[in-house]
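Okay, structure first, notes after.
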Amino acid sequence: MSSFVTEVLASSGKLEKDDLACKVSKLSRKVEETKEEVTDMINKKYIEFMPSMEGAEELLDQVESVSKDIDLLKSCIENEYAKLKQQLEKNTAVIDLLQHLQEFDTAIEEYHRALQEKNYVVAAKQHGKARASVDALKAWKDTELPLVHALSSEITIQRENLTYHLGEEWQKLAVWKLPSTKSNYSFLKTALHLNRGGSKGDESVPHALLPSILQALSIQGELHKKIKLFGQVLFKYMLKPLIIYPSLVVEVSSQPEQGAVLSLQCTETKAEHPDPSQVYTKVLTVLKTLHEHLFGKFFGDQKNEKKVSEILGDLIWEEMSECIIRECLVHSIPANSSQLAEYSEVIKQTEDFESSLKEMGYLIGDSTDLLKYARNINCHFASKKCQDVIVAARKLMTSEMHNTVKITPEYKLSIPKLPSSSGGEKERKESSKKRAHYDQQSLENEKQLSPNTLCLPVCRISESVQQLMELAIQTLSEVVGSSPQCAVQLFYTVRNIFHLFYDVVPTYHKDNFLKLPHLAAIQHNNCMFIAHHLLTLGFQFKPHLPLKDGVAYFVDLVPGFRRLGARCFVAQMNVQKAEMLERLSTARNFSNLDDEDNYSVASKAIRQVIHQLRRLGKVWQDVLPVNIYCKAIGTLLNTAISELINKIMMLEVGRGERTFGSGVLL
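Below is the structure:
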């Protein structure tokens with residue numbers, strides 16, 4: 001058993017040794033083969049590298065040489081192309097120059113031919129082409145050519161020539177006859193002759209002359225200047241006199257061969273200011289005649305047609321509408337609110353007037369200042385009324401105050417009967433039932449107030465103040481039926497009247513109030529009279545005033561007027577006191593009255609004081625209320641007596657001066 005194993009192991013070890021030897025021999029052969037291949041490869045790489053490198057360098061030199069040849073050829077080509085391009089530009093410029101010269105020559109020839117034939121539209125267009133050619137020549141590089149200057153001079157000369165011919169033709173279309181002097185009636189010599197110009201049926205004139213002239217003027221840029229000058233003359237010498245003077249009318253006479261003639265004629269009229277309907281009629285007559293004979297033609301191309309009347313309207317409308325407003329519509333504003341309803345006819349006439357102007361092309365737009373002014377009549381009425389009232393009130397305030405009227409307890413301001421503001425018949429019945437119910441109740445006291453309670457005492461006020469209160473009441477009466485805006489404006493105008501009185505009268509009559517006691521007493525009564533009526537004036541018109549609750553109306557002015565009257569009279573009282581004391585100061589303190597001179601001086605001073613009091617009594621007795629008169633005279637008398645007593649008491653009895661003479665003097 002052991003021998004078998006030994007044999008097996010021995011045989012296996014032998015086999016392993018044989019396999020390793022075989023593998024080593026094989027590996028040695030492969031190493032030799034690899035060594036040979038590496039040697040061959042190294043030999044090939046380093047032996048053949050130098051020739052390849054030299055060949056690549058030769059190719060690189062060839063490429064650089066070819067690139068230089070290409071760059072040289074390219075530079076030559078570019079230089080030649082630039083020369084050719086420059087030559088081409090010069091040739092093109094010369095061709096353009098020759099073409100512009102040819103166009104200029106053709107246009108000038110056509111221009112002269114059309115001008116001879118009076119085809120002014122073609123002449124103006126050809127002149128424009130010639131001018132465009134000259135402008136193109138001026139834009140060329142060589143603008144210093146003498147030829148260009150010559151052509152510019154020629155185009156300027158031909159423009160002036162065309163403008164002159166168009167001006168001559170325009171003067172033939174509208175011939176003005178204007179007055180040579182500026183007298184009041186010189187405008188009666190104004191006349192305008194309108195000629196229709198040529199027609200297509202006229203053999204002597206191959207084209208319609210009027211449209212041709214207008215369109216040529218438009219092309220030349222002269223139409224606006226011509227229409228502006230024409231509009232200024234038209235407004236100054238024809239339209240404005242027709243608007244201002246109601247006696248002027250326009251007369252249109254037609255002449256078959258010469259067109260129409262517009263002239264001004266004078267008629268008899270008593271109106272101081274023109275009526276709106278008459279003004280509109282006269283203005284429309286003039287403008288319709290111009291439209292038919294001169295300005296109703298179109299000019300321009302089909303895309304942008306425009307009437308000459310539209311140009312004229314743009315130039316004169318603003319000034320003309322202002323003149324109509326200032327000279328006509330302002331004076332047509334009603335003086336009373338009752339006439340406002342009749343003013344709707346004036347508004348309709350204004351609308352028709354503007355509609356006619358729009359149909360003829362003189363006016364563009366929906367609403368103008370003229371129509372707005374006419375429609376805003378309520379505001380203008382209130383403004384005019386307020387202005388007139390303030391002017392009248394100031395005139396009364398600056399008038400003489402010595403003209404007086406007597407006021408008695410029975411005196412009442414004449415307030416017009418105002419319409420009832422009650423809701424209807426039902427409310428009136430209810431109020432009558434309430435009054436009947438109260439009448440049935442016996443609520444009367446045995447002692448009744450005097451009918452003169454809360455009435456002004458007997459006194460005298462200025463007639464101007466009475467008229468001022470009547471003016472205020474009349475102005476407040478205008479609020480009945482007026483628009484809310486108008487009513488409020490009238491209300492505050494009346495308040496401004498009293499504010500104006502408060503400021504103007506004391507300043508304007510200041511010297512008289514200090515010098516004349518009579519006027520001071522009247523001013524006192526005037527202020528008390530105004531304050532008395534301001535207490536109830538606002539409430540009498542309250543139902544007709546669109547004011548919010550809590551408005552004081554005129555009650556807030558009452559204390560100010562009372563203070564104003566009292567201050568004026570107190571100032572006069574102080575003046576009288578000062579005069580009285582000054583006279584008493586000349587009495588030498590009533591000392592040493594045994595001396596005849598002292599007695600005479602003291603007696604004279606007392607007589608002067610008594611004369612002053614008597615004079616004031618005569619002046620104030622019929623003016624002031626009794627209680628005010630008594631207080632005033634009593635105060636002055638008390639001042640005089642107090643001064644006398646003080647001076648007598650100051651006599652020094654210890655010096656032996658006798659005082660019994662003062663008793664005799666008194």
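full-length UniProt numbering numbers the first residue of the sequence shown as 1 and each following residue consecutively.
We put the CB at the ideal spot given by N, CA and C, even for glycine.
Query: Distance between residue 211 and residue 81 (C-alpha atoms, nearest Å); Result: 57 Å
Query: Cβ-Cβ distance between residue 243 and residue 279 below 7 Å; Result: yes
Query: CB-CB length for residue 531 against residue 558, believed under 8 Å; Result: 5 Å
Query: Straight-line gap, residue 68 to residue 94 (C-alpha atoms, nearest Å); Result: 39 Å
Query: Backbone secondary structure at residue 268 - three-state DSSP; Result: coil
Query: Coarse secondary structure for residue 259, derived from DSSP in three states; Result: strand
Query: Residue 459, DSSP secondary structure in three states; Result: strand
Query: Range covered by the beta strand (DSSP E) that runs through residue 193; Result: 191-194
Query: Secondary structure, alpha helix (DSSP H): runs of 4+ residues fully inside the stretch 117-189; Result: 120-138, 146-173
Query: Cα-Cα separation, residue 646 to residue 581; Result: 12 Å
Query: Member of 173, 323, 220 whose CA lies at the smallest distance from the CA of residue 671; Result: Because the chain here runs from 1 to 666, residue 671 falls outside it and cannot be looked at.
Query: Distance, residue 292 Cα to residue 376 Cα; Result: 34 Å
Query: The stretch 212-224 contacting the stretch 124-131, beta-carbon criterion three pairs below 8 Å; Result: yes
Query: Length at least 4, wholly inside the stretch 479-563: the alpha helix (DSSP H) runs in chain order; Result: 484-508, 510-515, 517-540
Query: Length of the line joining the Cα atoms of residue 628 and residue 491; Result: 33 Å
Query: Rounded straight-line distance, which links the Cα of residue 40 to that of residue 23; Result: 26 Å
Query: N-terminal and C-terminal residue of the alpha helix (DSSP H) that residue 350 is part of; Result: 344-360
Query: Beta-carbon separation (whole angstroms), residue 533 vs residue 469, contact threshold 8 Å; Result: 6 Å
Query: Between the CA atoms of residue 620 and residue 638 - distance to the nearest angstrom; Result: 17 Å
Query: Three-state class that DSSP yields for residue 251 in the structure shown; Result: strand
Query: Short Cβ contact (7 Å threshold) for residue 605 with residue 635; Result: no
Query: Local conformation of residue 201 per DSSP, three classes; Result: Any answer about residue 201 is weak, because its pLDDT of 41 lies below 50 and its placement is not dependable; what the coordinates show is given next. Correct three-state label for residue 201: coil.
Query: From 178, 254, 309, residue whose alpha carbon lies closest to that of residue 358; Result: 309
Query: Where residue 623 falls: helix, strand or coil (DSSP); Result: coil
Query: Cα-Cα separation, residue 456 to residue 624; Result: 11 Å
Query: Residue 407 - partner residues in DSSP beta bridges; Result: 459
Query: Burial state of residue 464, where buried means 16 or more other Cβ atoms lie within 10 Å; Result: buried
Query: Spatially closest choice to residue 290 from 555, 175, 329, by CA coordinates; Result: 175
Query: Nearest-angstrom beta carbon gap, residue 371 and residue 354 [assumed within contact, 8 Å]; Result: 6 Å
Query: Residue 237 classed as buried or exposed, judged by whether at least 16 other C-beta atoms fall within 10 angstroms; Result: buried
Query: Assigned exposure category for residue 365 - 16 Cβ within 10 Å defines buried; Result: exposed
Query: The stretch 474-490 touching the stretch 381-393, judged by at least three CB pairs closer than 8 Å; Result: yes
Query: Proximity to residue 395 [Cα-Cα], best of 348, 315, 501; Result: 501
Query: When 486, 516, 496 are compared against residue 546, the one with the closest alpha-carbon; Result: 486
Query: Residue 575 and residue 514 closer than 7 Å at C-beta; Result: yes
Query: Where residue 425 sits in the DSSP three-state scheme; Result: Any reading at residue 425 must be qualified, since the residue scores a pLDDT of 45, below 50, and its modelled position is unreliable; no value is offered.
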